[in-house]
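Contents: one structure, followed by commentary.
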Amino acid sequence: QVQLVESGGGLVQPEESLKLSCAASGIIFSSNAMGWYRQAPGREREMVARITPGGITNYADSVKGRFTISRDNAKNTVYLQMNSLKPEDTAIYYCNARSGLKNYWGQGTQVTVSS
């Protein structure tokens, strides 16, 4: 049974930071591309950041220079460090694991940026 469990969301003020974590089980973590996606109310889910099994990363233009994705294969965990948060970053953040045709999602964690 595959499980992706996100944590670390919350309410912060603009320009503050948060670090999200996603703990994976039931998959060969080191063989999976991992990613963070987000969905704001009334909007489609969008890619935020992805990291390949080899550690190559890519980011949405809106978060480049502010967010950093990383992975710890020993802990089966992927992280998203979010700095200089903006109100437009408010969304539910979802963890994703992908290997070939297999695609898994976590339940999501809410991030709210508001003064």
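Numbering-wise (the working numbering), the sequence shown opens with residue 13 and increments by one. Glycine included, C-beta positions come from ideal geometry on N, C-alpha and C. All values derive from a computational prediction rather than experimental measurement.
{"Asked": "Pairwise C-alpha distance: residue 39 and residue 105", "Found": "20 angstroms"}
{"Asked": "Chain-order list of residues whose beta-carbon lies under 7 angstroms from that of residue 13 (same chain, five-residue window excluded)", "Found": "38"}
{"Asked": "Residue 67 versus 54, 107, 42, 94, residue with shortest Cα-Cα distance", "Found": "42"}
{"Asked": "Per-residue DSSP class, three states only, for residue 101", "Found": "helix"}
{"Asked": "Secondary structure of residue 37, DSSP reduced to three states", "Found": "strand"}
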